[in-house]
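Encoded as structure tokens, the structure appears first; notes follow it.
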Amino acid sequence: MKRVRHTLPNVLLAHGALAAYTVVALFPIFIIIINSFKTRKAIFRDPLALPNPENFSLVGFETVFRQGDFFLYMQNSLIVTVASLFFILLFGAMAGFALAEYRFKGNTLMALYLAIGIMIPIRLGTISILEIMVASNLVNTLTALVLVYVAQGLPLAIFILSEFMRQVSDDLKNAGRIDGLSEYRIFFVLVLPLVRPALATVAVFNMIPIWNDLWFPLILAPGEETKTLTLGSQVFIGQFVTDWNAVLSALSMAMFPVLVLYLIFSKQLIRGITSGAVK
Amino acid sequence: MTQEQATSSRRPIRWHIGVFLAPAVLVYSTFMIFPLFGTLQLSLFTTSEQQTYFVGLDNFRTLFGDPRWSGAFWNALVNNLWFFVIHMLVQNPIGILLAAVLSNPKLRMRGFYRSAIFVPTIMSFVIVGFAWKLILSPLWGIAPDMLKAVGLKFLFAPYLGKEEYALTTLALISVWQYVGIPMMLIYAALLSIPQEVIEAGEVEGVTGFSAFWKIKLPLILPAIGIISILTFVGNFNAFDLVYAAQGALAGPNYATDILGTFLYRTFFGFQMQLGDPNMGSAVAMIMFLIILTGVCIYLFGIQMRMTRYQL
């Protein structure tokens, strides 16, 4: 094995470049978080200083907790995200199974039809979607958001899951059929557990865009009771424009859930991106 | 395929296929395909005094030519193009560069760098927009103080507040946020290059930078194609960052207006302007056509030609 390039200066250069970019990537987040724990005076006088016993203050968080519906917003976001993911996975896997397992008339056509949505953003149909939601009395409900996110997530989910389901061995399924299992049990009992890694990848891919979406909550569910955390923090921060402690605390708290999600799922996310991209 | 399917064409109807497909097809058709056609249809009508009239392509004519509309429309379109150009020129090269450095198999702490650089990508635009607004604000003074520390104070300007800088600044913020995606995709593509190919190059004396340029880059071209089309679709459908940082009016003086914010204002109306679903649909349809054209160029023009280079 010849490795010509890995001389010391090269390695140092690589570390230097990556470390420099890491600082650029994390700096704004770092600044927001450290300043949210400081007194108002310290935020302005010394924005780059770390919180210490002299300038430590939680007044911003207190303001946000007292005035905002932070927990309601977070609960809404959780409900929408979890429900959307559940249906994307269930419906996506079912459709993916049908496309991968059975030869029927129009199979390819159906696969193509379902794939259109991978490239065309659902946002372009917003005006019609709003009309449908108004007509069916779903405006300002979390159901409206879930329906839209499921429609948005399905095309890619079906595409990825059907690819994986083609790799499940036919012998296993046929053995199940000989044992008299129905097609439904073959799907739920035999096939679904085998494609768990693919399900996890699809879930992680969809989780962050759904959690972070601003457009559909703004249009379909802007009511106080149904605000998601992303929309809520937008309004939230707007209320406190002059209260810097509160703004910075609100920003830190809005970052917190997604950072936790990321820490939990980052391995899966990175594996998903790296394995999906090879295709 | 299974034996059962191969046997004969005179089988009972296989209901389970329908049951498996129905929920997905139903939700997808109702909330994605049908609304796309619905929007297309709406764009061909106009509403006055609660009556709806068919006007054919008149809404589009208004959009392109009527002085009340066309100025704002072309402004948004040109801004959107500039937004895309910055992403292609800044985001993707930086992403490729980071991936190239990161793909060095002997490098330690690769996982750490990869995750850290990816963190901004998972943040919502609301947080990113506000965070940068605060940092760049002349009031708080982080950016001016930092520039002063390196003797470049004169470079500071209220970047988000000046018409001539605001759009470029926003595009760069978006680049900062999303550079993780091209980095990850290129990184994956680089890892999938067989080691023998690189070693064969080394035997021939093609190493270091020229190995990247002559061997790896041609092999990751398909990944670069995918990134370009993803960037294109994402940019021409962008809304959140401009809305979060500059509001629905895309200030200062519409300098940061892109098609997404223009669509939002046209549809909902804002302050002096009444919302118009039909004109809004026309804007959405233009966006649809732009994205569709891009996707078709990619699929038929680029991807088909590229597969020839694939290993």
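These protein sequence lines are chains A and B, in that order.
For the first sequence, position 142 matches number 142 in the working numbering, and the numbering has no gaps at all.
Positions in the second sequence are counted from 1; adding 1000 to them yields the working numbering.
For glycine and all other residues, C-beta sits at the position ideal for the given N, C-alpha and C.
As the structure is a computational prediction, the values presented were derived from the model and not from experiment.
Identify, in the order they occur along the chain, each residue of the same chain with its Cβ nearer than 7 Å to the Cβ of residue i, setting aside the five sequence neighbours on each side.
i, result
"residue 1143(B)", "1135, 1136, 1156"
"residue 192(A)", "93"
"residue 138(A)", "144"
"residue 1061(B)", "none"
"residue 60(A)", "36, 245, 246, 248, 249"
"residue 262(A)", "none"
"residue 34(A)", "50, 51"
In its own chain, which residues sit with a C-beta less than 8 Å from the C-beta of residue i, not counting the 5 before and 5 after it?
i, result
"residue 28(A)", "none"
"residue 195(A)", "93, 161, 164, 165, 168"
"residue 1153(B)", "1144, 1147"
"residue 941(B)", "In this structure chain B extends from 1001 to 1311, so residue 941(B) is not present and cannot be described."
"residue 142(A)", "76, 79, 80, 83, 221, 226"
"residue 3(A)", "Since pLDDT at residue 3(A) reaches only 47, below the 50 mark, its modelled position is unreliable, and the value read off the structure follows with that caveat. Excluding positions up to five away in sequence, the list is empty."
Which residue's Cα is closest to the Cα of residue i: the options?
i, options, result
"residue 90(A)", "24(A), 198(A), 261(A), 47(A)", "198(A)"
"residue 1161(B)", "1070(B), 1079(B), 1213(B), 1250(B)", "1250(B)"
"residue 1075(B)", "1259(B), 1238(B), 1184(B)", "1259(B)"
"residue 147(A)", "186(A), 103(A), 101(A), 81(A)", "81(A)"
"residue 31(A)", "57(A), 53(A), 43(A)", "43(A)"
"residue 1299(B)", "13(A), 118(A), 98(A), 52(A)", "118(A)"
"residue 74(A)", "232(A), 135(A), 183(A), 12(A)", "232(A)"
"residue 188(A)", "97(A), 53(A), 262(A)", "97(A)"
"residue 1254(B)", "1123(B), 1214(B), 1056(B), 1167(B)", "1167(B)"
Tell me the DSSP secondary structure of residue i in three-state form.
i, result
"residue 1274(B)", "strand"
"residue 167(A)", "coil"
"residue 1159(B)", "coil"
"residue 56(A)", "strand"
"residue 1254(B)", "coil"
"residue 1207(B)", "coil"
"residue 1071(B)", "helix"
"residue 1300(B)", "helix"
"residue 1137(B)", "coil"
"residue 1050(B)", "coil"
"residue 38(A)", "strand"
"residue 240(A)", "coil"
"residue 262(A)", "helix"
"residue 272(A)", "helix"
If I measure Cβ to Cβ from residue i and keep anything under 6 Å in the same chain, skipping five residues before and after, which residues do I get?
i, result
"residue 268(A)", "200, 204"
"residue 1052(B)", "1045"
"residue 1291(B)", "1233, 1236"
Which residue comes first and which comes last in the alpha helix (DSSP H) that contains residue i?
i, result
"residue 182(A)", "Residue 182(A) -> no alpha helix (DSSP H), and no H or E assigned at all."
"residue 104(A)", "Run containing residue 104(A): none; DSSP gives neither H nor E here."
"residue 1034(B)", "1034-1042"
"residue 1118(B)", "1110-1122"
"residue 1246(B)", "1240-1246"
"residue 1234(B)", "1217-1235"
"residue 223(A)", "Unbroken run through residue 223(A): none, as it is neither H nor E."
"residue 198(A)", "196-212"
"residue 1182(B)", "1180-1191"
"residue 49(A)", "Per DSSP, residue 49(A) belongs to no alpha helix (DSSP H) and is neither H nor E."
"residue 1265(B)", "1259-1268"
"residue 186(A)", "No alpha helix (DSSP H) contains residue 186(A), which DSSP labels as neither H nor E."
"residue 1092(B)", "1092-1102"
Going by DSSP, what residue range makes up the beta strand (DSSP E) through residue i?
i, result
"residue 280(A)", "Limits of chain A in this structure are 1 at one end and 279 at the other, which puts residue 280(A) out of reach."
At a cut-off of 7 Å, is residue i close to the ligand NAP when judged by its beta-carbon and the heavy atoms of the ligand?
i, result
"residue 1074(B)", "Looking for the ligand NAP in the displayed structure turns up nothing, as the structure carries no ligands at all."
- the region 65-77 of chain A touching the region 227-237 of chain A, judged by at least three CB pairs closer than 8 Å: yes
**Stretch pair the region 1021-1041 of chain B + the region 151-162 of chain A: three plus CB contacts closer than 8 Å** = yes
Item to complete: Report yes or no: do the region 48-68 of chain A and the region 115-132 of chain A share at least 3 C-beta pairs separated by less than 8 Å?
Response: no
message: Using a Cβ distance threshold of 8 Å, determine whether the region 1212-1222 of chain B contacts the region 1271-1286 of chain B, with at least three qualifying pairs required.
response: no
For the region 1035-1049 of chain B against the region 171-181 of chain A, do three or more pairs of beta-carbon atoms, one drawn from each stretch, fall closer than 8 Å, so that the two count as touching? no
* Asked: If we count Cβ pairs, one from each stretch, closer than 8 Å, do we get three or more for the region 1172-1190 of chain B versus the region 1097-1115 of chain B?
  -> yes
Across the region 1117-1132 of chain B and the region 249-266 of chain A, are there enough close Cβ pairs to call them in contact, namely three or more that are closer than 8 Å? yes
Per the contact definition of three or more C-beta pairs closer than 8 Å, is the region 1226-1242 of chain B in contact with the region 1288-1305 of chain B?
yes
Is there contact between the region 216-223 of chain A and the region 1112-1121 of chain B, where contact requires at least three CB pairs shorter than 8 Å?
-> no
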